[in-house]
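Protein chains in written order, with the working numbering: chain A, 12 to 347; chain B, 12 to 347.
What follows is a set of notes on a single structure, which appears directly below.
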DNA sequence: GCGGGGAATGTTATCGATCACATTCACCGT
DNA sequence: ACGGTGAATGTGATCGATAACATTCCCCGC
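Right under this line is the structure:
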């Protein structure tokens with residue numbers, strides 16, 4: 012009579028608990044109007060049968076899934092990768108699963124196809140980690156009725172965005188160096204088309220100007236240690252350079268190495284501050300003073316914005332800015 | 012009469028095309044018994060309405076989702092991160108979405124909870140990226156009726172596993188150094204509890220033994236440049252060291268730096284080979300000879316094993332081994 | 001003691017697909 | 001001309017949950 016080990020459905024639970032399936036549903040959804048005793052009986056039946064609600068059935072009738080789609084660049088960079096895992100963690104805590112769609116480049120068509128795949132899955136919401144302006148165009152591809160949050164995106168896009176306060180972070184780094192007594196601070200930046208880079212450049216420049224310090228020429232690179240090394244080789248040759256702010260820790264590593272090769276000691280001859288606080292930053296030689304971004308906070312903020320949109324709440328906040336903070340180690344000292 | 016912009020369902024398409032919903036379903040699933048003319052009409056209706064099949068409804072009736080769950084360690088290491096994006100790509104091509112569940116440590120309870128979340132989502136299959144033996148215990152947590160494939164897992168576990176042939180890769184690296192004329196090769200390994208590390212150690216040792224070369228003591232580290240540097244400082248002090256095989260490129264980077272600081276030139280004084288071929292390896296100084304793992308092939312193999320299990324095919328292959336290959340650059344030369 | 005009201009529970013329709021099973025249709029051979 | 005056959009299409013049940021609505025139950029006040 013009974014099917015061989017079909018996974019139990021709500022009615023099975025109901026039968027065992029001696030109630031109707033609707034009551035089981037109410038217990039599952041924490042409806043108030045269920046007698047405590049019944050609730051306990053139902054819970055017991057659920058446990059006994061090892062019942063799991065069928066998400067597909069639920070999604071079918073409610074019209075929304077428990078899936079959040081993430082669009083991210085196919086990248087092994089520390090920032091994006093951390094972002095993804097932190098978001099997954101936060102979403103899991105809220106009962107959502109995360110479906111990733113990676114893309115090689117953040118251009119319009121790639122994003123469009125990934126977004127399409129996500130919509131196909133009927134995701135409840137979308138998170139786009141969009142560090143460059145070209146990703147903005149992809150906005151048009153996303154229908155208005157799907158909740159969307161951007162991380163690291165263009166604050167001026169009109170869509171909800173969560174960002175780290177790059178300017179504040181860069182400002183803190185720069186100020187830290189100035190306060191140590193350096194007359195000015197050089198900057199090795201990331202790719203200028205990244206919002207992150209732009210913000211850090213802006214924060215650095217503004218802090219120098221406010222302090223009345225001269226603004227040296229900008230050295231811009233990609234995010235790699237290799238380019239940091241290249242920039243470092245230039246800097247090492249110039250005796251007037253005593254303080255460097257690198258846009259990420261890998262760049263800083265490259266600079267560190269170049270300085271070392273030229274016999275310029277850190278921090279005695281040159282002070283340096285990085286950005287990111289990658290796990291190994293504390294093991295650089297010397298341990299690197301750097302700026303930590305609270306990826307976890309960003310992830311949670313993004314999630315809460317997304318959940319807010321799902322509940323069609325009036326968007327209280329459309330742009331959340333998470334402050335980074337300086338992690339002081341041993342790579343900064345007063346000038347000689 | 013008509014609801015405001017409810018997303019169209021199969022019956023809407025059917026009505027527009029002048030057929031029954033069942034015919035639409037047949038067109039969607041490429042059933043043979045549909046007249047070409049009808050098929051075209053239906054396709055046109057689908058396009059006109061911008062219809063997307065409701066996955067939830069489909070999943071409900073067929074009992075299987077189009078979701079594959081991936082369990083991976085919360086890591087920003089190059090290998091695991093690459094693996095994930097490559098797998099996502101492959102799965103997308105096959106019409107599957109990928110839900111990630113990351114975990115801080117590969118211990119029993121963490122894995123169990125992530126697996127549980129995935130089962131909750133009724134994933135069609137699971138991929139576990141399990142580089143360490145402790146992950147094995149989590150096997151017990153996974154019910155037998157859900158398809159599972161391990162990547163980098165224990166070949167002896169009895170479950171389908173896809174691995175890179177670490178021994179072959181390590182052998183190639185070691186042989187390359189021996190063939191350049193070095194009398195033996197030192198090895199800086201990764202954590203010994205990783206299967207990957209164990210395989211590389213084994214390949215290195217065996218190749219040396221077969222060549223009748225002496226096997227120097229093993230230097231084991233984690234995967235970081237910091238520990239590579241530490242190992243490098245030891246190696247740099249020993250003039251008899253002329254060839255080093257590092258278990259990954261970051262370790263190699265650390266070794267490189269240590270050697271450089273001690274004035275030992277690469278490759279003139281010491282030759283070195285890495286593993287992974289991270290994007291920046293070609294920009295190391297000197298450009299690093301290394302071993303590239305075909306993550307894409309691994310991902311595709313894992314997917315096909317998984318799809319095979321879903322079709323309940325007799326498991327033709329339970330263990331697929333993907334060969335890596337040596338990428339020769341400038342960090343190896345004959346001994347002085 | 002009876003009507004009222006809210007809490008607790010049950011009944012039935014519904015979501016949008018697939019599946020199993022009709023049914024219709026066209027064409028063929030005898 | 002007629003039955004047979006397979007292709008093309010349609011009909012109704014079904015999956016497992018939630019939602020809307022109906023019903024029962026209990027307690028309270030007058």
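Where is the CB? At the ideal position from N, CA and C, for every residue including glycine.
All figures in this text were calculated on a predicted structure; none of them were measured in a lab.
Check                                                                                                                                                                                       : Outcome
Measure the CB-CB distance between residue 258 of chain B and residue 299 of chain B and report whether it falls below 7 Å.                                                                 : no
Count the other CB atoms within 10 Å of the CB of residue 82 of chain A; is the residue buried (16 or more) or exposed (fewer)?                                                             : buried
Consider the Cβ of residue 70 of chain B: report whether some Cβ of chain A lies at a distance smaller than 7 Å.                                                                            : yes
Is the beta carbon of residue 313 of chain B closer than 7 Å to that of residue 140 of chain B?                                                                                             : no
Could you name each continuous beta strand (DSSP E) segment of 3 residues or more that falls completely within the region 274-298 of chain B, going from the start of the chain to the end? : 282-284
For the beta strand (DSSP E) containing residue 84 of chain A, list its first residue and its last residue.                                                                                 : 78-84
Please list, in chain order, the residues of the region 35-64 of chain B that have any C-beta partner in chain A closer than 9 Å.                                                           : 63 and 64
Residue 300 of chain A bridges to which residues according to DSSP?                                                                                                                         : A:284
Under 7 Å, Cβ to Cβ, is there at least one residue of chain B near residue 131 of chain A?                                                                                                  : yes
Which residue from B:113, B:164 and B:226 puts its Cα closest to that of residue 309 of chain B?                                                                                            : B:164
Within the chosen definition, does the region 337-347 of chain A reach the region 214-228 of chain A through at least 3 CB pairs nearer than 8 Å?                                           : no
What residues match up with residue 174 of chain B in a beta bridge as DSSP calls it?                                                                                                       : B:332
If we count the other Cβ atoms within 10 Å of its Cβ and call it buried at 16 or more, is residue 246 of chain B buried or exposed?                                                         : buried
Name the residue from A:143, A:211, A:60 and A:173 whose alpha carbon lies nearest to the alpha carbon of residue 98 of chain A.                                                            : A:173
Does the beta carbon of residue 66 of chain A come closer than 7 Å to any beta carbon on chain B?                                                                                           : yes
Going by beta-carbon coordinates alone, are residue 50 of chain A and residue 28 of chain A separated by less than 7 Å?                                                                     : no
So, for residue 231 of chain A: in the same chain, excluding its five sequence neighbours on each side, which residues have a beta-carbon less than 6 Å away from its beta-carbon?          : 200 and 203
For residue 248 of chain B, count the other beta carbons within 10 Å of its own beta carbon; 16 or more makes it buried, fewer makes it exposed. Which is it?                               : exposed
Considering only the alpha carbon of each residue, which of A:323, A:108, A:302 and A:46 lies closest to residue 155 of chain A?                                                            : A:323
Which class does residue 39 of chain B belong to by DSSP, given the choice of helix, strand or coil?                                                                                        : helix
Give the interface partners of residue 85 of chain A over in chain B, defined as CB-CB distance under 7 Å, in chain order.                                                                  : 96
With 7 Å set as the bound, which would you pick, yes or no: does the beta-carbon of residue 159 of chain B sit closer than that to a beta-carbon of chain A?                                : no
Rounded to whole angstroms, how far is the Cβ of residue 107 of chain A from the Cβ of residue 196 of chain A, which I believe are closer than 8 Å?                                         : At roughly 42 Å, the Cβ-Cβ gap does not stay under 8 Å, so residue 107 of chain A and residue 196 of chain A are not in contact.
With a CB to CB cut of under 6 Å and the five nearest residues on each side skipped, what residues in its chain are close to residue 224 of chain A?                                        : 195
For residue 297 of chain B, which residues in the same chain have their Cβ closer than 8 Å to its Cβ, ignoring the five residues on either side in sequence?                                : 277, 278, 340, 341 and 342
Under 9 Å Cβ-Cβ, which residues of chain B neighbour residue 271 of chain A?                                                                                                                : 268, 271 and 272
Taking only the alpha-carbon atoms, compute the straight-line gap between residue 94 of chain A and residue 30 of chain B and give it to the nearest angstrom.                              : 48 Å
Between the region 95-121 of chain A and chain B, which residues of the former have CB atoms less than 8 Å from a CB of the latter, in chain order?                                         : 95, 96, 99, 100, 103, 108, 109, 110, 111, 112 and 113
Looking at chain A, which residues of the region 289-301 of chain B have a Cβ within less than 9 Å of any of its Cβ atoms?                                                                  : 289, 290, 291, 293, 294, 295 and 296
Find the nearest neighbour of residue 84 of chain A within the set A:282, A:237, A:116 and A:38, judged by alpha-carbon distance.                                                           : A:116
Under DSSP, the beta strand (DSSP E) around residue 136 of chain A begins and ends at which residues?                                                                                       : 136-140
Are the CB atoms of residue 66 of chain B and residue 66 of chain A nearer to each other than 7 Å?                                                                                          : no
CA-CA distance, residue 319 of chain B and residue 210 of chain B?                                                                                                                          : 27 Å
To the nearest angstrom, report how far apart residue 233 of chain A and residue 185 of chain A are at their CA atoms.                                                                      : 20 Å
Shorter than 7 Å from the beta carbon of residue 92 of chain B to some beta carbon of chain A?                                                                                              : yes
Taking the alpha-carbon of residue 70 of chain A as reference, which of A:135, A:157 and A:304 has the nearest alpha-carbon?                                                                : A:135
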